[in-house]
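J.: Protein chains in written order, with our numbering: chain A, 145 to 868; chain B, 145 to 868.
For every residue, glycine included, the Cβ atom is placed at its ideal position computed from N, Cα and C.
Here the structure is a predicted model, which is why all the values come from computation and not from measurement.
The structure is given below, and queries will be raised subsequently.
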């Protein structure tokens, strides 16, 4: 493993392609490095000039007085591989490649990019890029990039009064977006440690940098921007490591829309994978998604200031001096999924002494301008924070003028020291610089949008709850079943119909082995139906007709010998019309399932993330709204229950409008079993559909009504879903 | 009608309760008025001082040298009515009441508030408040309020280089929020005309001020913040007037959540009405809802800059020099409901000459930093704006430094002059002040969040489309039917069961008059079923059991004399068990309806907005998701179709997964008929349920399967929904 420390903490930097032209990017990068008090050496490397921006220039990296720790390559793409090779030979252990024109540009570029990876491996070099914009190590005052955000004129690299005690690092595939975080965060006084832009990620990926920084232990909050994850297993491993360490990964995933992912493909030339699968992986590992700069920075501010006292639940107390602004905040809390409960009687009694008659103590607590004028913000926040009815407090303030808060500062500091609950500030006016400093000094996060404030509190509550579920448990089936199933799977055809799939799945406790008889004539069908009694279903079994219902090859609710006999002919006819050359193994005769809620359960392989478990509420919800959610395998019972809760129609399972609640526990158990089955045999399986599964009333279990397994081709884990 | 002009354009202002103490609100208001170059006279009125802040003070409003045009009342609540009376007697025609302690404080305050209204009527005075924060007329340099946003130190009242050519007015119930708009809009250079805060609206409401400003014709965009609308009919009339004039009303509706509306009630003591009904009214009249300051200001900026060339559709072209930022914008567009289509071949060919090989022309057009460096932003925007594939353009820029844009300015100006499509700018870095000015000068709206930019474009497209539907047509039934129905309704009992409701509704073309026979014994039921043939339904008819299905008083799909007979006994038993003292009129025997999509249609009365039409897709979607939408009555056919399209499950009606499309046209026709019925007889009707309505395949119409009319008590239009 190459040493990322050489890249981020160099004692010397070579700028290969450096220029004296300050209007060119090759001139700008050197100018910017030199404008900051970086303590290491800087070597311009230029073919044509012997002096660049007043420094002695070297004709080549092998002509340097000593091997540089890192080489910044900013030369035309076609020269990059040779230059990198030269760096390797010269003993340079790290490089950042800023040149464009690689995988984003087609075959030739793609080959050059692979060459870069090969050279990096050969010399064990830590290489970022190509198509990156360089990096900054703010702690070392090293800005090895040409971003305007690194310009000395843009302001100090480290704020005088940072929010919270921790540091933030940005790791972004996009250079422009990566450095824009620094720019946009400046009014909010975030203390950045690193900004790394990874571009096409020929060698080092975002996860590699996160891993390094977690080991280093100096980064408390990560801001990530990813177009596509190249090494999913590494990503998941590092994400779990971050979650265990309690270092939140705040992530912007760009390219989620059709046009966006089209642009990703042309931009960094990697497969974007499905947005739903990304979200599933993020949810599993506690990555917190933000949809724009402001949302991501709000989250960073919240975690930096209150990461040591995240909300234990979703109940918020709101203090306000502006009735209207308080109401707006209450609405924003509700929209974010927080609760704004009426406060307990004791708290309200305590507040009565401070709130004028035309204010209110219920929640939002409207202390009115007069109340705040008299007692300050801190007094109200303290009383509300003590209430057993809330898990966190939002104080609505006007931060335009600092004078008033200045007076309140000692009390604000006391409160921040004493409380175990997060206290957030939202200013409905634009904050003065000094106000931000005062609040940072006192230890409060300041938000300027109500939704950013409420959303951050809600996501911090989620993050705390998810960490409470650590470590993730995985329950697997006994080893004996595993090897037996493995052999059966090996022997099975590619498309495993229900009558063959059931015994396989039953070994893991999924559904019953008993499929009902497979019949080959109308008379056999009628006899089987009679033996079963009551209403029956007929289902054609053919490896060539995986979607039986759409083919008309299923009939339900039949009774009586004549109807069953006629049904048998009808489903066979339909099957033959649908797929004339289909090989038909027979027709299953089954008792109709007991009533309950219809659910779709499945497993399929995402092109990036591999095997994913899918659950959805069946029928019209899936048809009209695509109400399904995914999780990466494997999943534990708590994860299964959390997944079910994320369905839009989840309440349909929970006992709704007087209907008895469904056996959600049995559904979660089934999900774990299916996860285990697919996880144990991932190399053989492309997709599994259990559709439908009927979830009966509580304590009455579930019925797996149909099952289909699609084996993968050539043992690759790639595959299409058989769902739909 | 009192003259709002006297209030907003006074030649003289009396400040009643003025003080020399600049730390009190009573001192601040006078200080602020005097700090701006207001050309009128200012009269301090004080009981105790003869000189206030260097001005001669008067002991009472009747001691002024001349009647002031407006009196600002900032005295304790209990003195307000007498003071207002004194103003009236002294010939003062307008007043703004800033004092708190009225309806928000209980019975006594409520009575005082009513007194204010009475006095205002008596003297025909234009009165805003109480519990307001005053107003500003920026055009007259009059800041009659104590908001810090009006402080001279906060910056110039009118920006040097405003965005667009138009003016914005803010009218807000909340004082704090109202003036915060000015504060938050300052970096964006909006030219404000008025900020009016209306508080408890004892006399003048938001709609009164909008009406005045529409007549005045100088306000181009309105920013409204409402807690609750007091006079719905006036509000609707003024909203339609604004829509016809093409002056967008951008509205923040606070108090939409439970906690929020609880706080509204205690804050301004008015009934908040249902959030869904507000949304329905906003949608009908083209009010554009923003959920926070930034969203509302983004909308204002968009309309001010591009109100004369709103997008004719939802297709956007994106130009970017940062691949990552462009992708993020594409995602934001998709999330906002815009399309980002691949550009036409001719446009792409034209772009090829400008875009380097490692960029892309598909859309987003990634010109790369090099491309923009060479040709500027305007060139790319011009080429994309000409494409027939797009209705608007978003240019992704970095606005940190103005120098580059400065060079591009002539071309940017040309483009803004020539194009008929909106061209928006989004900066992913924080803009420099000068950049905002340059873009304003050139005529472009600048956005700092991708979602704000995309959302504004989308809402402008919607606004244009809605105006295209003007004038709203209302088709009513012939007068003959109306009077006949009126008489029948008058004679009917309060709870009108299906068998009595059908003839009433059929007069308006709703469903069929034929209810099937009403039977009174099992034998009669069996005979009726036989006569009908096929499967039948049995439904108990009782004014005491409006929710038959929940009571078990309905059976479906019966055939055969025995089953029908048994069914008859069963539904009667269930009805009697459910409501032992129920009066039962009989049991309807009906043929089962043909298959189709189940829809719920209804009318009910909202406490604020009166009669609302409701449509929802039935079954699980309504149960799990409450997938219903509302519209105020009356509704025309285009409105009905637009309403259906807003259902989450709308695609279920539109032919989905190979199922034939449903007869949406017939459903829209039915909605118009129901609307007409309820509109014509609004004074008699509390609620109507048509549940379910079955929408058959295209051209095959609809079946109204059940119907219930609930008459209103005492001819008031108040009432509860019978739905559910």
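Under 8 Å between C-beta atoms, does residue 599(B) make it to chain A?
T.: Mapped onto the second chain, residue 599(B) falls at position 455. Chain A, which has no Cβ nearer than 8 Å to the Cβ of residue 599(B), makes this no.
J.: Would you tell me roughly how many angstroms separate the C-alpha atoms of residue 804(A) and residue 602(A), rounded to the nearest one?
T.: Locating residue 804(A) in the first chain gives position 660, counting from the first residue. Locating residue 602(A) in the first chain gives position 458, counting from the first residue. Taking the straight line from one Cα to the other gives about 31 Å.
J.: Identify which residue in 533(A), 199(A), 687(A) has its Cα closest to the Cα of residue 645(A).
T.: For the purposes of this step, residue 645(A) is taken as residue 501 along the first chain, with counting starting at 1. Taking only the C-alpha atoms, the option nearest residue 645(A) is 687(A).
J.: Based on DSSP bridge pairs, tell me the residues matched to residue 289(B).
T.: Against the second chain, residue 289(B) aligns to sequence position 145. Residue 289(B) has 278(B) as its beta-bridge partners, per DSSP.
J.: Since residue 313(B) sits in a beta bridge, which residues does DSSP pair it with?
T.: Residue mapping note: residue 313(B) aligns to position 169 of the second chain, counting from 1. DSSP, once it has assigned bridges, lists 338(B), 366(B) as partnering residue 313(B).
J.: Given that residue 318(B) touches chain A, what residues does it touch there, using C-beta distances under 9 Å?
T.: As a first step, residue 318(B) must be located in the second chain, where it is residue number 174. In chain order: 466, 467, 468, 469, 471, 472.
J.: List the residues of chain A whose Cβ lies closer than 8 Å to the Cβ of residue 377(B), in chain order.
T.: As a working note, residue 377(B) is residue 233 in the second chain. Within chain A, no residue comes near residue 377(B); the closest Cβ sits about 25 Å away, beyond 8 Å.
J.: Any chance the region 556-574 of chain B sits against the region 307-317 of chain B, with 3 or more Cβ pairs inside 8 Å?
T.: no
J.: Only counting the same chain, and skipping five residues up and downstream in sequence, which positions put a Cβ closer than 8 Å to that of residue 177(A)?
T.: Here residue 177(A) refers to the residue found at position 33 when the first chain is read from its first residue. Hits under 8 Å: 157, 159, 186, 286, 287, 288.
J.: In this structure, what does DSSP give as the bridge partners for residue 570(A)?
T.: Locating residue 570(A) in the first chain gives position 426, counting from the first residue. Answer is 540(A), 591(A), bridged to residue 570(A).
J.: From the beta carbon of residue 374(B), is the nearest beta carbon of chain A less than 8 Å away?
T.: In the second chain, counting from the first residue as 1, residue 374(B) sits at position 230. No, no contact with chain A.
J.: With residue 554(A) as the anchor, note down where its alpha helix (DSSP H) starts and where it stops.
T.: Position 410 of the first chain holds residue 554(A). Here the alpha helix (DSSP H) through residue 554(A) covers 547-562.
J.: Any beta-carbon of chain B closer than 8 Å to the one on residue 878(A)?
T.: Residue 878(A) falls outside the range modelled here, since chain A spans only 145 to 868, and no answer is possible.
J.: Determine which residues share a DSSP beta bridge with residue 832(B) and list them.
T.: Position 688 of the second chain, counting from 1, holds the residue named residue 832(B). 747(B), 853(B), per the DSSP bridge assignment.
J.: At a Cβ threshold of 8 Å, is residue 360(B) touching chain A?
T.: Locating residue 360(B) in the second chain gives position 216, where the first residue counts as 1. No, because no Cβ of chain A sits closer than 8 Å to the Cβ of residue 360(B).
J.: What does the alpha-carbon distance come out to for the pair residue 511(A) and residue 331(A)?
T.: Position 367 of the first chain, counting from 1, holds the residue named residue 511(A). Position 187 of the first chain, counting from 1, holds the residue named residue 331(A). Near 29 Å, if we compare the C-alpha coordinates of residue 331(A) and residue 511(A).
J.: Over what stretch of residues does the alpha helix (DSSP H) that includes residue 789(A) continue unbroken?
T.: Along the first chain, read from residue 1 onward, the residue named residue 789(A) stands at position 645. Here the alpha helix (DSSP H) through residue 789(A) covers 781-789.
J.: Do residue 199(A) and residue 211(A) have their C-beta atoms within less than 8 Å of each other?
T.: Counting from 1 along the first chain, the entry for residue 199(A) is found at position 55. Counting from 1 along the first chain, the entry for residue 211(A) is found at position 67. Not closer than 8 Å, so no.
J.: Between which two residues does the alpha helix (DSSP H) harbouring residue 450(B) extend?
T.: Position 306 of the second chain, counted from the start, is the residue given in the question as residue 450(B). Where residue 450(B) is concerned, the enclosing alpha helix (DSSP H) stretches over 437-450.
J.: Output the distance between the C-alpha atoms of residue 617(B) and residue 377(B), rounded to the nearest integer angstrom.
T.: Counting from one through the second chain, the residue named residue 617(B) turns up at place 473. Counting from one through the second chain, the residue named residue 377(B) turns up at place 233. Cα to Cα, the separation comes out at about 18 Å.
J.: With DSSP run on the structure shown, which of helix, strand or coil describes residue 639(B)?
T.: Taking the first residue of the second chain as 1, we reach residue 639(B) at position 495. Strand at residue 639(B).
J.: Taking one C-beta from the region 481-493 of chain B and one from the region 397-407 of chain B each time, how about it: are there three or more such pairs within less than 8 Å?
T.: no
J.: For residue 862(A), would you say it is in contact with chain B, using Cβ-to-Cβ distances shorter than 8 Å as the test?
T.: Here residue 862(A) refers to the residue found at position 718 when the first chain is read from its first residue. Interpretation of residue 862(A) is limited by its pLDDT of 37, a score under 50 that renders its predicted location unreliable; the figure taken from the coordinates is listed afterwards. With 8 Å as the cut-off, residue 862(A) does not count as an interface residue toward chain B.
J.: Under 8 Å between C-beta atoms, does residue 398(B) make it to chain A?
T.: Position 254 of the second chain holds residue 398(B). For residue 398(B), the answer is yes, since a Cβ of chain A falls inside 8 Å of its Cβ.
J.: Can you tell me whether residue 374(B) is buried or exposed, with buried defined as 16 or more other CB within 10 angstroms of its CB?
T.: Walking along the second chain from the start, residue 374(B) turns up at place 230. Buried: at least 16 other Cβ atoms inside 10 Å.
J.: Residues of chain A with CB closer than 8 Å to the CB of residue 401(B), please, in chain order.
T.: Taking the second chain and counting its residues from 1, one reaches residue 401(B) at position 257. Going along chain A in sequence order, the residues near residue 401(B) (Cβ under 8 Å) are 474, 475, 477, 478, 479, 484.
J.: Compare the C-beta of residue 240(A) with all C-beta atoms of chain B and state if any pair is closer than 8 Å.
T.: Residue mapping note: residue 240(A) aligns to position 96 of the first chain, counting from 1. Output row for residue 240(A): interface = no.
J.: Would you identify the three-state DSSP class for residue 701(A), choosing helix, strand or coil?
T.: Taking the first residue of the first chain as position 1, residue 701(A) is located at position 557. Note: residue 701(A) maps to strand in three-state DSSP.
J.: Which partner residues does residue 463(B) have in the DSSP bridge list?
T.: Here residue 463(B) corresponds to residue number 319 of the second chain, with the count starting at 1. Looking at the DSSP assignment, residue 463(B) forms a beta bridge with 509(B), 539(B).
J.: Residue 712(A) by DSSP, collapsed to three states: which one?
T.: Start at 1 with the first residue of the first chain, and residue 712(A) comes out as number 568. Assignment of residue 712(A) by DSSP, reduced to helix, strand and coil, places it in the helix class.
J.: Which chain B residues are close to residue 292(A), counting only those with a beta carbon under 9 Å from its beta carbon?
T.: Position 148 of the first chain holds residue 292(A). Residues of chain B passing the Cβ test: 542, 544, 545, 573.
J.: Please name the residue or residues paired with residue 430(B) in a DSSP beta bridge.
T.: By 1-based counting over the second chain, the position of residue 430(B) is 286. In DSSP, residue 430(B) forms no bridge with anything.
J.: What does residue 888(A) touch in chain B if you count any residue whose Cβ is under 8 Å from its own?
T.: Nothing can be reported for residue 888(A), as the shown portion of chain A is limited to 145 through 868.
J.: Just reading off the beta strand (DSSP E) that residue 847(B) is part of, what are its end residues?
T.: Looking up residue 847(B) in the second chain gives position 703. 846-848 is the extent of the beta strand (DSSP E) around residue 847(B).
J.: Under a Cβ-count criterion, where at least 16 other Cβ atoms within 10 Å of its own Cβ denotes burial, should residue 683(B) be classed as buried or exposed?
T.: Taking the first residue of the second chain as position 1, residue 683(B) is located at position 539. That one is buried.
J.: Helix, strand or coil, according to DSSP, for residue 195(B) in the structure here?
T.: The residue given as residue 195(B) occupies position 51 in the second chain. Strand at residue 195(B).
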